[in-house]
Amino acid sequence: MEQDYWSVETILAENQRIPCIFNVDVPGLGYLEESGETDVSVKLMKIHKNARIELVYWMAHMLAIYDIVTIQMPRAYGSRVRAAIDASPTSLQLHNLLPHWYALAARLAQLLESSTLSTLLQKTYVGRTALIYDLAILLSRAETDTGVDSSATLTYNMQTFMQGLDDSEQVLLQACIATTRTMQEYLA
């Protein structure tokens, strides 16, 4: 997913919360801590060094550049997820982890210069693309056959996989369906 200032997908991807640890005391930003306090004086207090707070990516990115925070790896890319991807990339419901799983992972991999995260992204994408293409073929065939319900042609596992597609994978699926339909019309 390319980074575009006016892109809704980019805005949504960069509004995902990620865990951060503050490296310095920051006065006047106590409202960023989710303490539940309604008193304004408490909210305007400082954030203390080593405080753990979840910040939206765009804010954490800017603060990390100036070494005000250290970005922690979100759970959506943690050891459990890596183990699940190693076992079977298609078994994960990425949309349930993060709707923009790939987009945020690409940004984090670049910001944190993480080869582990880059490898995870590549392994996940390569492992899931073939099934997305298979889904596209089945769905395009079902839509061109009259009177056939597209969900009837999919196995339970394929339906579950389709529900867990990340937003960029959903765009890929729609593009594959359109391309497959066009190819079928051309060959007919």
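In this text, residue positions in the sequence shown follow numbering that gives the first Met the number 0: the first is 0, and each later residue adds one.
The beta-carbon is built from N, C-alpha and C at its ideal position, and this holds for glycine as well.
Just so you know, these numbers come straight off a predicted model, no measurement behind them.
Kindly confirm or deny that the segment 61 to 74 and the segment 122 to 135 touch, where touching means at least three C-beta pairs closer than 8 Å.
The answer is no - the segment 122 to 135 does not touch the segment 61 to 74, with fewer than three Cβ pairs under 8 Å.
How long is the line joining the alpha carbons of Asp166 and Leu96, rounded to whole angstroms?
One C-alpha to the other measures close to 12 Å.
Along the beta strand (DSSP E) that carries Ile70, what are the first and last residues, could you check?
Element bounds for Ile70: 68 to 70.
Quick one: grab the DSSP three-state call for Pro18.
Correct three-state label for Pro18: strand.
Within 10 Å of its beta-carbon, does Gln106 have 16 or more other beta-carbons around it, so buried, or fewer, so exposed?
With the sequence shown as reference, residue 106 is identified as Arg, and Gln is not the correct amino acid for it. Counting Cβ neighbours within 10 Å, Arg106 comes out buried, since at least 16 surround it.
Measuring only the C-alpha atoms, how far is Thr118 from Leu111?
Taking the straight line joining both Cα atoms gives about 13 Å.
Between which two residues does the beta strand (DSSP E) containing Val55 stretch?
Note, Val55: beta strand (DSSP E), 51 to 55.
In terms of residues, what are the limits of the alpha helix (DSSP H) holding Ser167?
Where Ser167 is concerned, the enclosing alpha helix (DSSP H) stretches over 166 to 186.
If we require 3 or more residues per run, which beta strand (DSSP E) segments fall completely within the segment 65 to 152?
Counting only runs of 3 or more, we get 68 to 70.
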